[in-house]
Amino acid sequence: MLRRNNYGLIPSSEITSESLYQERRAFMKLGASAALMGSVPLMAALDFEKSKRGLEPTPFDQITTYNNFYEYGTDKESPAKLSKNLKIRPWTLTIGGEVQKSLTLDIDTLIKKIPLEERIYRFRCVEGWAMVVPWVGFTLASLLKQAGLTSKSKYVEFETLFDPVQFPQQSKSFGNIPFPYREGLRIDEAMHPLTILAVGLYGKELLPQNGAPIRLVVPWKYGFKSIKSIVNITLKEHQTRSTWNQIAPQEYGFYANVNPSVDHPRWSQSRERVLGKFFKQETLAFNGYGNEVAHLYKNMDLKKYY
Amino acid sequence: MRVIIWFGALLPIVYAAIRFSAEFHPVWLRDIFVFIEGYARIVLTKTPTDPLKFLTDLSGNSGLWLLAVTLSITPLRSYLKINFLKYRRFLGLFAFFYALIHALLFIAVDQQFDLAATAHEVITKPFIAFGMGAFAILLLMALTSTRKLYPKFRGWHKLVYFAVVLIAVHFLMSHKTVTFSHVTVVGVLLMLLAMRLVKR
């Protein structure tokens, strides 16, 4: 059953009927087999009530054709074009490192077992563009609790699938980032109720360009933290690797919290370009989630730990 | 020849018009565009998702390439003995035209005409400073390119070589990673400069 959560300030006018939830939930389960058969006719059947006020989700077409997924190329259009045949079943997700019990999970079993909910979140890219995405997923905390934390579980590292046959750019030695792509969170960030692992958007299974079959979503951080197509989650005692931070630490911090008052060295972060709109809008501190997450960074100098 | 230059130099504007009118294309036109998309690596049937970025990139790249064409007049003359000198000013002004759009998009739309904020960006960010520096040079050249002023400011126009270097760096800095195609573009610009040093 899909639960709707108020994170993301969804107006009541947007809340969808119970039957539609059931339908959607059933769809989520069906989605796997549909993807296997390479057909997607079911997807068109579901539609969301559009928001009348508050957060207006970015159109599906824009969310699914304007992507950063360097495994497919450094431009925004390649991921949608080249990712059609990504093999997302079977897919195994491992959770290991400093946990009580290492887990190896089949994605379908996981989706069937764990309650899914929708979260309509703002998404802000470090490059200065932004959108609003209706994700479907579950809290990372709920999964990490299954593995069980220990006193040494202080950071979480995520890793994208490394498969140069499927990800053409992973075999490039020049002109791209090092692979596999890695990202990390501090444990309190990872356990925060806003932090989710998404398996769908707009009530449908994720498309490969959006990080199928499972991706991280941390709405108060720049988009590059929200790593796609995850295969490994490793709990660590010390600060983890973070790909962009390793390439250019002066430009991309480990924390990467959305912060309009800390500029990127090449552009201002005070405003953002909402997809489909010509004029920019103000960027909010912590991407508008300050009430929920600012306390995590209470005693930190955010100009230093950007 | 003049017609060809007009046509070529205005292509980016035609392209922008096609993209921004994508929703209103009649079916027959859309069919033609889809056909072209099947053969050429060009998008014609989709409204730009990030319109400000689209126009900024398009104007910047158009200015860069038109400047490259302008700078190829001299090598064409000295290496291949083809003389297009009388079109150089015309081409240069088109390059400036796109640089002007590029700079105005930044000042008027990106910075919302907040001149203090713009100045702050120029001072604190080398990426912006390089671009603005190059624009200032092109502006000076455009203003002094009249029949009357050019003889007096001839020497100043040599600054264009410095502008090209600034533009090359600005171009490289505008991307998150440096790819082979970026290096190629910069290679072309630097080659145009090098050809002037090698042979007189």
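Protein sequence lines correspond, in order, to chains Y and L. To convert, note that position 106 of the first sequence is 106 in the working numbering; the numbers rise steadily by one, no gaps. To convert, note that position 17 of the second sequence is 323 in the working numbering; the numbers rise steadily by one, no gaps. Built from N, CA and C at the ideal position, the CB exists for glycine as well.
Neighbouring residues, chain L, relative to residue i (Cβ below 7 Å)
| i | result |
| --- | --- |
| Y/Arg62 | One detail in the question is off: residue 62 of chain Y reads as Gln in this sequence, not Arg. Per Cβ cutoff of 7 Å: Thr355. |
| Y/Thr94 | None at all; the shortest Cβ gap to chain L is about 29 Å. |
Under the three-state DSSP convention, the category residue i falls into
| i | result |
| --- | --- |
| Y/Lys50 | Interpretation of Y/Lys50 is limited by its pLDDT of 36, a score under 50 that renders its predicted location unreliable; the figure taken from the coordinates is listed afterwards. Coil. |
| L/Phe390 | coil |
| Y/Lys303 | coil |
| L/Ala346 | coil |
| Y/Ala256 | coil |
| Y/Gly288 | helix |
| Y/Asp263 | coil |
| Y/Asp106 | strand |
| Y/Ala32 | Only weak support is given to the placement of Y/Ala32: the predicted model assigns it a pLDDT of 41, under 50, and the value that follows is read from those uncertain coordinates. If DSSP states are grouped into helix, strand and coil, Y/Ala32 belongs with the helices. |
| Y/Leu194 | coil |
| L/Leu377 | helix |
| Y/Gly73 | coil |
| Y/Gly211 | coil |
| L/Leu361 | helix |
| Y/Pro41 | Any reading at Y/Pro41 needs caution, since the residue's pLDDT is 30, under 50, leaving its predicted position unreliable; the model's value is listed next. Here Y/Pro41 sits in helix by DSSP. |
| L/Ile311 | helix |
| Y/Gly97 | strand |
| Y/Asn232 | strand |
| Y/Glu282 | strand |
| Y/Lys298 | coil |
| Y/Glu272 | strand |
| L/Glu427 | helix |
| Y/Glu205 | strand |
| Y/Leu82 | helix |
| L/Leu316 | helix |
| L/Lys454 | coil |
| L/Thr351 | coil |
| Y/Val217 | strand |
Residue i versus the options, residue with shortest Cα-Cα distance
| i | options | result |
| --- | --- | --- |
| L/Val494 | L/Thr362, L/Pro354 and L/Pro381 | L/Pro381 |
| L/Gly398 | L/Ile311, L/Asp337 and L/Leu503 | L/Ile311 |
| Y/Tyr306 | Y/Glu292, Y/Trp244, Y/Leu275 and Y/Tyr202 | Y/Trp244 |
| Y/Pro168 | Y/Val136, Y/Ala212, Y/Phe69 and Y/His238 | Y/Phe69 |
| Y/Tyr289 | Y/Lys277, Y/Val218 and Y/Lys87 | Y/Val218 |
| L/Phe400 | L/Tyr456, L/Leu317, L/Val492 and L/Thr490 | L/Leu317 |
| L/Arg453 | L/Met497, L/Arg395, L/Ala500 and L/His488 | L/Arg395 |
| L/Phe469 | L/Phe419, L/Leu421, L/Leu503 and L/Leu499 | As written in the sequence, residue 469 of chain L is Ala, which differs from the Phe given in the question. For L/Ala469, the nearest C-alpha among the options comes from L/Leu499. |
| Y/Met191 | Y/Val258, Y/Val262, Y/Ile177 and Y/Leu143 | Y/Leu143 |
| L/Phe360 | Y/Gly276, Y/Lys204, Y/Phe123 and Y/Leu284 | Y/Gly276 |
| L/Tyr393 | L/Lys458, L/His481, L/Val466 and L/Leu373 | L/Leu373 |
| Y/Ala147 | Y/Thr234, Y/Glu282 and Y/Gly175 | Y/Thr234 |
| Y/Arg124 | Y/Ile63, Y/Ser242, Y/Gln239 and Y/Lys298 | Y/Ile63 |
| L/Ile434 | L/His408, L/Lys458, L/Ser378 and L/Phe459 | L/His408 |
| L/Val349 | L/Ser365, L/Trp371, L/Arg325 and L/Leu358 | L/Arg325 |
| Y/Glu71 | Y/Asn257, Y/Asp263, Y/Pro178 and Y/Ile95 | Y/Pro178 |
Contacts that residue i makes with chain Y (C-beta to C-beta distance below 7 Å)
| i | result |
| --- | --- |
| L/Glu343 | Here the premise fails: no neighbours, minimum Cβ distance about 11 Å. |
| L/Asp420 | In chain order: nothing, as chain Y lies at least about 10 Å away. |
| L/Val340 | Under the 7 Å cutoff, chain Y gives no residues; its nearest Cβ is about 15 Å from L/Val340. |
| L/Lys458 | Neighbours of L/Lys458 on chain Y: none; closest Cβ ~37 Å, over 7 Å. |
Proximity below 8 Å, CB of residue i to CB of residue j
| i | j | result |
| --- | --- | --- |
| Y/Phe158 | Y/Gln170 | no |
| Y/Ile187 | Y/Lys154 | yes |
| L/Trp462 | L/Leu446 | yes |
| L/Thr351 | L/Ala328 | yes |
| Y/Thr65 | Y/Val133 | no |
| Y/Gln209 | Y/Asn67 | yes |
| Y/Ser268 | L/Glu427 | yes |
| Y/Glu237 | Y/Glu77 | no |
| L/Phe295 | L/Ala448 | Outside the shown range of chain L, which is 307 to 506, sits residue 295 of chain L, and nothing can be said about it. |
| Y/Val293 | Y/Leu194 | yes |
| Y/Val274 | Y/Val199 | no |
| Y/Ile230 | Y/Thr139 | no |
| Y/Glu183 | Y/Ile227 | yes |
| L/Ile508 | L/Val466 | Absent from the structure is residue 508 of chain L, since the part of chain L shown begins at 307 and ends at 506. |
| L/Ala405 | L/Gly369 | yes |
Within chain Y, partners of residue i - CB distance below 9 Å
| i | result |
| --- | --- |
| L/Glu427 | Asp263, Trp267 and Ser268 |
| L/Val415 | Phe278, Phe279 and Lys280 |
| L/Phe433 | Pro265, Arg266 and Trp267 |
Closer than 9 Å at the beta carbon, the chain L residues around residue i
| i | result |
| --- | --- |
| Y/Gly211 | Within 9 Å Cβ-Cβ: nothing; Y/Gly211 doesn't reach chain L, min ~18 Å. |
| Y/Arg273 | Asp356, Pro357, Leu358, Lys359 and Asp416 |
| Y/Thr74 | His481, Lys482, Thr483 and Thr485 |
Partner residues on chain Y for residue i, Cβ-Cβ distance less than 8 Å
| i | result |
| --- | --- |
| L/Asp337 | None at all; the shortest Cβ gap to chain Y is about 20 Å. |
| L/Phe436 | Those within 8 Å of L/Phe436 in chain Y number zero; the least Cβ separation is about 10 Å. |
| L/Val484 | Gly175 |
Within chain L, partners of residue i - CB distance below 8 Å
| i | result |
| --- | --- |
| Y/Asn232 | Within 8 Å Cβ-Cβ: nothing; Y/Asn232 doesn't reach chain L, min ~24 Å. |
| Y/Tyr66 | Thr355 and Asp356 |
| Y/Trp129 | Asp356 and Lys359 |
Beta strand (DSSP E) segments (min. 3 residues) lying fully within the segment 461-505 of chain L: Those beta strand (DSSP E) runs which fall completely within the segment 461-505 of chain L and span 3+ residues do not exist here.
Whole runs of the alpha helix (DSSP H) within the segment 113-188 of chain Y, excluding any shorter than 4 residues: 140-147, all fully within the segment 113-188 of chain Y.
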